[in-house]
Amino acid sequence: MTGGKKGAGQAGRDERSAAALRQNLHKRKQQARSRAEAPAIAEVECFFHEPTFTATYLVTDPESGDAAIIDAVLDYEGSSGRTRTTHADNVLEAVEKRGLKVRWILETHVHADHLSAAQHLKKVTGAPIGIGTHVAVVQKTFRPVFAAWDMVPDGSQFDRLFAEGDSAPLGRLSIEVMHTPGHTPACITYRIGNAIFVGDTMFMPDYGSARCDFPGGDAATLYRSVRRLLALPGDTRMFLCHDYKAPGRDSFVWETSVKAQREGNIHIKDGVSEADFVELRRGRDAKLSMPALILPSVQVNMRAGRFPPADADGAVHIRIPVDRI
Ligand SMILES: N[C@@H](CCC(=O)N[C@@H](CS)C(=O)NCC(=O)O)C(=O)O
Ligand SMILES: [Fe+2]
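Plus 227 on top of the position in the sequence shown (first one is 1) and you've got the numbering used here.
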């Protein structure tokens with residue numbers, strides 16, 4: 228055999244490089260294993276819409292780049308009836324810059340204070356729009372109010388209706404759904420990794436809770452939903468749909484934790500009874516005026532962000548019911 232024999236130096240080098248290879252492989256396997264075992268953490272970016280005090284979230288699985296957009300806002304000027312997509316486009320710009328793939332456009336509820344940008348986002352990303360399955364209850368209530376006869380009140384305007392306990396994939400993460408009614412009958416909370424997106428259930432500890440005086444809203448029901456949220460681990464990150472700056476605070480904040488809410492929420496911290504909360508909430512609700520954009524918001528948002536059908540000449544109108552609500 229010629230050339231089959233290696234010198235002692237060459238054999239040693241081969242053995243060393245084989246050992247290095249094995250070590251490398253072992254290290255890579257270990258890294259992959261610890262990645263698979265590590266708790267999946269969602270990356271959360273907030274886009275705050277100051278005109279309506281709404282927090283829109285871009286939630287990402289950093290491993291896959293899969294993303295969800297929660298509670299997107301369409302800019303709307305009530306005095307002129309003009310819409311713009313500036314806020315939603317800011318979110319899309321971040322999606323583009325970071326090379327993310329939008330998999331879901333999610334609503335926590337039929338918002339009564341801002342118009343949803345879900346249709347614009349769907350047009351650009353192709354992602355499905357999800358909301359709580361009880362949206363049909365809201366549609367049944369408001370269909371006659373807005374003479375929305377074009378809208379079948381069964382939630383079919385949305386691509387996915389989520390019920391308590393449902394889940395949906397977001398890359399390596401899972402979106403878990405909790406039905407958390409009270410502010411409206413269809414409110415849901417999305418739990419993604421160690422973060423919850425609670426919509427309008429609670430606000431920052433120094434501001435309290437959401438109003439319960441909309442049709443189908445109920446303070447005792449909200450209390451029970453909040454107790455379920457506060458039974459989650461204390462270090463759960465809690466993201467709110469609004470911040471109105473509590474008296475004495477001069478910056479907007481939209482993130483808190485289960486622990487901070489249990490210890491310090493001025494309406495509903497640990498130790499506040501259901502009866503006391505209901506009394507406090509009813510008292511406050513009696514003094515609140517309607518959100519400035521409730522009439523345009525509800526009729527658009529219950530149609531999954533679509534405006535009422537255009538007239539024969541193509542013009543789109545929003546209906547204002549007179550002396551109705
Ligand atoms: N001034 C705001 C009020 C918005 C409002 O009523 N927000 C609701 C959530 S959609 C709420 O729960 N507010 C609680 C409170 O102020 O106690 C507007 O006109 O949009
Ligand atoms: Fe709301």
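Where is the CB? At the ideal position from N, CA and C, for every residue including glycine. None of these values were measured; they are calculated from a predicted model.
- By the C-beta density criterion, D377 is exposed, having fewer than 16 other C-beta atoms within 10 angstroms.
- Look at L522: its beta carbon is at least 7 Å from all of the heavy atoms in ligand 1.
- Y471 counts as exposed, since fewer than 16 other C-beta atoms from the protein chains shown sit within 10 angstroms of its C-beta.
- In this structure G305 is exposed. Its beta-carbon is surrounded by fewer than 16 other beta-carbon atoms within 10 angstroms.
- Note on geometry: alpha-carbon atoms of D538 and A375 lie some 14 Å from one another.
- The DSSP-derived three-state label of H361 is coil.
- Only residues of its own chain outside the window of five on either side were considered, and among them T312 and A315 have a CB closer than 6 Å to the CB of H347, listed in chain order.
- With contacts defined by Cβ atoms closer than 8 Å, S478 and D462 do not form a contacting pair.
- In this structure, P548 places its C-beta atom within 8 Å of the C-beta atom of V372.
- Fully contained in the stretch 348–401 are the following beta strand (DSSP E) runs of length 3 or more, in chain order: 356–359, 387–389 and 394–397.
- Taking a contact as a CB-CB distance under 8 Å, the pair L520 and H341 counts as one, their CB atoms being some 6 Å apart.
- Look at D288 here: in three-state DSSP terms it is coil, with no helix or strand label.
- Looking from the CA of D393, the closest CA among F385, S383 and H406 belongs to H406.
- Relative to ligand 1, the nearest heavy atom lies less than 7 Å away from the CB of P518.
- Of the candidates V404, G444, K328 and V499, the residue whose Cα lies closest to the Cα of P289 is K328.
- Under the DSSP assignment, K328 falls outside any alpha helix (DSSP H), being part of the beta strand (DSSP E) whose first and last residues are K328 to L333.
- Nearest in C-alpha terms to T283, of all of T352, L252, E391 and F424, is F424.
- In this model, G435 and H469 are separated by some 11 Å (Cα to Cα).
- In this structure, ligand 2 has a non-hydrogen atom nearer than 7 Å to the beta-carbon of H336.
- Nearest in C-alpha terms to T335, of all of L522, Y303, G326 and F385, is F385.
- Exclusion of the five residues before and after W481 leaves C273, F275, A282, F466, L467 and D470 as the residues of its chain whose Cβ lies within less than 7 Å of its Cβ.
- DSSP places R451 in the helix class (H, G or I) of the three-state scheme.
- H314: member of the alpha helix (DSSP H) spanning T313 to K324, first to last residue.
- At least one heavy atom of ligand 1 sits closer than 7 Å to the Cβ of D427.
- For ligand 1, a non-hydrogen atom lies closer than 7 Å to the CB of R438.
- Between ligand 1 and the CB of D316, the shortest heavy atom gap is not smaller than 7 Å.
- Not one heavy atom of ligand 1 is found less than 7 Å from the C-beta of Y450.
- Residues of the same chain with a CB within less than 8 Å of the CB of V300, apart from the 5 flanking positions on each side, are H276, T279, T281, T283, H314, A315, H341, L342, S343 and A344 in chain order.
- DSSP places L248 within a helical segment (H, G or I) once states are collapsed to three.
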